[in-house]
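Colleague:
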Amino acid sequence: MGSYCPPEGDHLEGLREPQGEASSVLCAIPLVWPGEERAATVIAGTYATACDRLVFFLASPDAATAAEARRVLGGLLPGASVVDLAAEWPAMLRDRAEALAAHGRQGVSGANQKDLLLFAHLASEANLEDWICRVETDSYFAPANFRRFVRGRQLSPEEDVYLGSLAYWHLHFEPRMVFNEQVQCLSRAATLRLGPAVRRAPWAETASYARCEVAPGHRGDIMLGLCLAEVGIVPFADVADRWGREYFLNYRMEDMALHAPYKAYGDLMPDPRHIESKAHIFMPCLASNQFWASPYPISFHDYKDADRLRHVHKVMLGQASCSGCPAGYEAKLARKESRSVSD
Numbered sequence: 000m001g002s003y004c005p006p007e008g009d010h011l012e013g014l015r016e017p018q019g020e021a022s023s024v025l026c027a028i029p030l031v032w033p034g035e036e037r038a039a040t041v042i043a044g045t046y047a048t049a050c051d052r053l054v055f056f057l058a059s060p061d062a063a064t065a066a067e068a069r070r071v072l073g074g075l076l077p078g079a080s081v082v083d084l085a086a087e088w089p090a091m092l093r094d095r096a097e098a099l100a101a102h103g104r105q106g107v108s109g110a111n112q113k114d115l116l117l118f119a120h121l122a123s124e125a126n127l128e129d130w131i132c133r134v135e136t137d138s139y140f141a142p143a144n145f146r147r148f149v150r151g152r153q154l155s156p157e158e159d160v161y162l163g164s165l166a167y168w169h170l171h172f173e174p175r176m177v178f179n180e181q182v183q184c185l186s187r188a189a190t191l192r193l194g195p196a197v198r199r200a201p202w203a204e205t206a207s208y209a210r211c212e213v214a215p216g217h218r219g220d221i222m223l224g225l226c227l228a229e230v231g232i233v234p235f236a237d238v239a240d241r242w243g244r245e246y247f248l249n250y251r252m253e254d255m256a257l258h259a260p261y262k263a264y265g266d267l268m269p270d271p272r273h274i275e276s277k278a279h280i281f282m283p284c285l286a287s288n289q290f291w292a293s294p295y296p297i298s299f300h301d302y303k304d305a306d307r308l309r310h311v312h313k314v315m316l317g318q319a320s321c322s323g324c325p326a327g328y329e330a331k332l333a334r335k336e337s338r339s340v341s342d
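Residue numbers (numbering that gives the first Met the number 0): 0 to 342.
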């Protein structure tokens with residue numbers, strides 16, 4: 000194992016020198032209005048300032064609600080915009096606060112529909128950004144670190160690329176490689192292929208999760224994976240560095256110590272799904288590697304209290320410390336002027 004793990008120093012991560020200009024990133028935020036107004040405000044004041052474009056996607060119950068959302072959300076950040084998907088697809092389930100996790104999901108969620116239709120909408124736009132990242136309101140996203148990653152991996156927006164937190168095991172009707180619901184990024188090329196497939200997909204009253212379909216529910220990760228698979232696009236698998244440290248984290252930053260790989264087996268970890276079946280990623284360097292997350296993390300997930308996103312952002316900026324992180328771990332944002340992935 001010692002010969003497999005890279006030495007300390009430059010190129011520790013295995014990323015190559017970046018080529019060309021930094022990529023443009025569109026941050027697509029599916030939102031329930033006005034139930035998630037607080038989350039939208041926090042997002043616009045933190046990581047979204049680093050997005051090249053910020054778009055909130057709604058399924059408003061009526062025109063007046065959509066107009067109010069445009070007025071408020073459009074004023075949160077210069078250039079921010081609002082798309083009411085229900086205006087284009089009137090048959091879709093409309094936003095309801097009772098379907099939110101904060102309300103105990105007492106109503107049926109339209110998240111599956113919204114997650115697919117936002118990509119279909121964007122695929123019809125001219126001059127689309129290089130990368131389209133769908134970000135849930137309870138997730139933190141670091142656009143600067145994402146740009147650093149795609150440049151270091153030399154990923155092209157003109158190729159079909161599908162990025163996010165990999166899940167090798169999650170539910171009884173898998174296995175298949177899917178993303179958990181947090182940050183899902185598609186290249187421009189992948190978005191343009193997905194859009195027509197979603198427009199052709201059948202509509203259903205209940206999601207079967209056996210085909211690409213536009214149906215209610217709250218497992219957009221599975222449905223997106225199915226629709227992409229039907230057009231021949233599978234997740235990009237190389238989302239950890241040479242030490243097995245992952246870039247997309249599907250849990251909260253402050254819970255990182257709870258998800259140490261060596262706790263994944265037995266009853267030590269509260270939710271082992273995040274590490275399950277990933278031994279091939281972290282085991283080779285387990286003896287010498289202290290951490291299992293990249294120091295340039297791209298995402299964190301499960302912030303039901305939106306104000307906690309502010310704290311994560313401060314940690315990333317070096318203005319606060321992470322009490323739940325392993326000793327010595329420091330998360331940071333890539334510098335804008337950086338031309339090297341080893342900064």
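Every residue, glycine too, gets a C-beta built ideally from N, C-alpha and C.
#1: Rounded to whole angstroms, what's the CA-CA distance from Glu93 to Thr48? Just pull it up for me.
#2: What separation, rounded to the nearest whole angstrom, lies between the Cα atoms of Pro325 and Trp291?
#3: Is Phe140 helix, strand or coil by DSSP?
#4: Whole angstroms are fine: how far does the CA of Gly327 sit from the CA of Arg70?
#5: Quick one, which of Met222, Gly106, Ala259, Ser207 has its alpha-carbon nearest Gly243's?
#6: Hey, how far is the Cα of Gly323 from the Cα of Ala166?
#7: Inspect the CB distances between the segment 298–314 and the segment 44–60 and report whether three or more fall short of 8 angstroms.
#8: Within 10 angstroms of its Cβ, does Pro174 collect 16 or more other Cβ (buried), or is it exposed?
#9: Which residues does DSSP list as the beta-bridge partners of His300?
#10: Tell me the DSSP bridge mates of Gly163?
#11: On the DSSP bridge assignment, give the partners of Trp202 in chain order.
#12: From the beta carbon of Gly216, is the nearest beta carbon of chain D less than 8 angstroms away?
#13: Across which residues does DSSP place Pro29 in a beta bridge pair?
#14: Would you mind giving the Cβ-Cβ distance between Ala27 and Val134, rounded to the nearest angstrom? I have them listed as a contact below 8 angstroms.
#15: Considering just the uninterrupted stretch of the alpha helix (DSSP H) at Asp306, what are its terminal residues?
#16: Tell me, to the nearest whole angstrom, how far the beta carbon of Ala39 is from that of Leu75; I am working on the premise that it is less than 8 angstroms.
#17: Do you know how far the Cα of Pro89 is from the Cα of Cys4?
#18: Is it buried or exposed, Glu20, if we count other Cβ atoms within 10 angstroms and call 16 or more buried?
#19: What's the C-alpha gap between Ala214 and Ser287?
#20: Here's the rule I'm using: 16 or more other beta-carbon atoms within 10 Å means buried, otherwise exposed. How should Glu12 be labelled?
#21: Alpha carbon to alpha carbon, how far is Pro234 from Val82? Give it in angstroms, no decimals.
#22: With distances taken Cα to Cα, identify the nearest neighbour of Ser23 among Ser123, Leu154, Leu14, Thr64.
#23: If we count the other Cβ atoms within 10 Å of its Cβ and call it buried at 16 or more, is Lys113 buried or exposed?
#24: Report buried or exposed for Glu180, applying the criterion of at least 16 other Cβ atoms within 10 angstroms of its Cβ.
Modeller: Reading off the structure:
#1: The residue you call residue 93 lines up with position 94 of the sequence shown. The residue you call residue 48 lines up with position 49 of the sequence shown. The residue you asked about is not Glu; residue 93 is Arg in the sequence shown. When rounded, the distance between both Cα atoms is 28 angstroms.
#2: Here the question's residue 325 lines up with position 326 in the sequence shown. Here the question's residue 291 lines up with position 292 in the sequence shown. In a straight line, the C-alpha of Pro325 is about 10 angstroms away from that of Trp291.
#3: In the sequence shown, counting from the first residue as 1, residue 140 sits at position 141. Strand.
#4: The residue you call residue 70 lines up with position 71 of the sequence shown. The residue you call residue 327 lines up with position 328 of the sequence shown. Their backbone Cα atoms lie some 44 angstroms apart in a straight line.
#5: Walking along the sequence shown from the start, residue 243 turns up at place 244. Answer by Cα proximity: Ala259.
#6: Against the sequence shown, residue 323 aligns to sequence position 324. Against the sequence shown, residue 166 aligns to sequence position 167. Those two C-alpha atoms are separated by around 23 angstroms.
#7: yes
#8: The count along the sequence shown starts at 1 and reaches residue 174 at position 175. Per-residue confidence for Pro174 stands at a pLDDT of 45, beneath the threshold of 50, marking its modelled position as unreliable; no derived number is given.
#9: For the purposes of this step, residue 300 is taken as residue 301 along the sequence shown, with counting starting at 1. Answer by DSSP bridge pairing, in chain order: Ser138.
#10: The residue you call residue 163 lines up with position 164 of the sequence shown. For Gly163, which the question treats as bridged, DSSP gives the partners Gln183.
#11: To locate residue 202, count along the sequence shown from 1; it is residue 203. Paired residue(s): Val213.
#12: Of the protein chains in this structure there is only one, and it is not chain D.
#13: Translated into the one-based positions of the sequence shown, residue 29 becomes position 30. According to DSSP, Pro29 bridges with Phe56.
#14: Indexing the sequence shown from 1 puts residue 27 at position 28. Indexing the sequence shown from 1 puts residue 134 at position 135. The Cβ separation is near 7 angstroms, so the contact holds.
#15: Position 307 of the sequence shown, counting from 1, holds the residue named residue 306. Element bounds for Asp306: 306–315.
#16: As a position in the sequence shown, residue 39 is number 40, starting the count at 1. As a position in the sequence shown, residue 75 is number 76, starting the count at 1. Contact holds; Cβ gap of about 6 angstroms.
#17: One-based indexing of the sequence shown puts residue 4 at position 5. One-based indexing of the sequence shown puts residue 89 at position 90. C-alpha separation (whole angstroms): 54 angstroms.
#18: As a first step, residue 20 is located in the sequence shown; it is residue number 21 there, counting from the start. Glu20 is exposed by the Cβ-count criterion.
#19: Locating residue 214 in the sequence shown gives position 215, counting from the first residue. Locating residue 287 in the sequence shown gives position 288, counting from the first residue. When rounded, the distance between both Cα atoms is 46 angstroms.
#20: By 1-based counting over the sequence shown, the position of residue 12 is 13. Looking at its Cβ environment, which holds 16 or more other Cβ atoms inside 10 Å, Glu12 is buried.
#21: Residue 82 sits at position 83 when you count from the first residue of the sequence shown. Residue 234 sits at position 235 when you count from the first residue of the sequence shown. Roughly 27 angstroms between the two C-alpha positions.
#22: Reading the sequence shown from its first residue, position 24 is the one you call residue 23. Nearest option by C-alpha distance: Leu154.
#23: Numbered from 1 along the sequence shown, position 114 holds the residue referred to as residue 113. Label assigned to Lys113: buried.
#24: Reading the sequence shown from its first residue, position 181 is the one you call residue 180. Buried.
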